[in-house]
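Residue numbers (numbering that gives the first Met the number 0): 0 to 124.
We put the CB at the ideal spot given by N, CA and C, even for glycine.
All of these numbers come straight from a predicted model, not from anything done at the bench.
Here the structure is laid out as structure tokens; the discussion comes afterwards.
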Amino acid sequence: MADLKEFAEQLVNLTVKEVNDLAGILKEEYGIEPAAAAVAVAAGGGGDAGEAVEEQSEFDVILKAAGGSKLAVVKLVKELTGLGLKDAKDIVDSAPKAVKEGVAKDEAEGIKKSLEEAGAEVELK
Numbered sequence: 000m001a002d003l004k005e006f007a008e009q010l011v012n013l014t015v016k017e018v019n020d021l022a023g024i025l026k027e028e029y030g031i032e033p034a035a036a037a038v039a040v041a042a043g044g045g046g047d048a049g050e051a052v053e054e055q056s057e058f059d060v061i062l063k064a065a066g067g068s069k070l071a072v073v074k075l076v077k078e079l080t081g082l083g084l085k086d087a088k089d090i091v092d093s094a095p096k097a098v099k100e101g102v103a104k105d106e107a108e109g110i111k112k113s114l115e116e117a118g119a120e121v122e123l124k
């Protein structure tokens, strides 16, 4: 049980880049789509199937395109994520890409607004 707690703690403390790397490994090496796995776990996680669906409380901020002002978007992604300049540039260059995952609705909308003001095309999931 202690090993599972340690593992859960490691997962919770992953950075956005590490989560993206993990998703890539799961997909490439094991054929697991992380979003599909999360749905499968949630569906099999107990409870009645007839329970009311809860309103979404966590959102992913997805950068769809950098737009015309790529440098401003890279700087903003760097600031928002706490990543280094190279990692922020990699996120912007590989759009569509998650900038922040699992954030509250207010924070997600604020990030989206900031990125759109910088010229980026953004989506919340």
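Counting only the Cα atoms, residue 18 lies some 14 Å from residue 27. Rounded to the nearest whole angstrom, the C-alpha separation of residue 88 and residue 62 is 12 Å.
DSSP places residue 23 in no beta strand (DSSP E) but in the uninterrupted alpha helix (DSSP H) bounded by 15-29. Along the stretch 46-108, the beta strand (DSSP E) occurs as fully enclosed runs of 3 or more residues at 57-64, 96-103, listed in sequence order. Restricting attention to 68, 59, 66, the CA atom closest to the CA of residue 108 is found in 59.
Going by DSSP, residue 8 is part of the alpha helix (DSSP H) stretching over 1-11.
Here residue 114 really is in contact with residue 75; their C-beta atoms are around 6 Å apart, less than 8 Å. Closest in C-alpha terms to residue 16, from the list 83, 105, 55, comes 83. With 16 or more other CB atoms across the displayed protein chains lying within 10 angstroms of its CB, residue 91 is buried. Residue burial annotation: residue 14 is exposed, with fewer than 16 other C-beta atoms found within 10 angstroms of its C-beta. A direct Cα-to-Cα measurement between residue 94 and residue 22 gives close to 16 Å.
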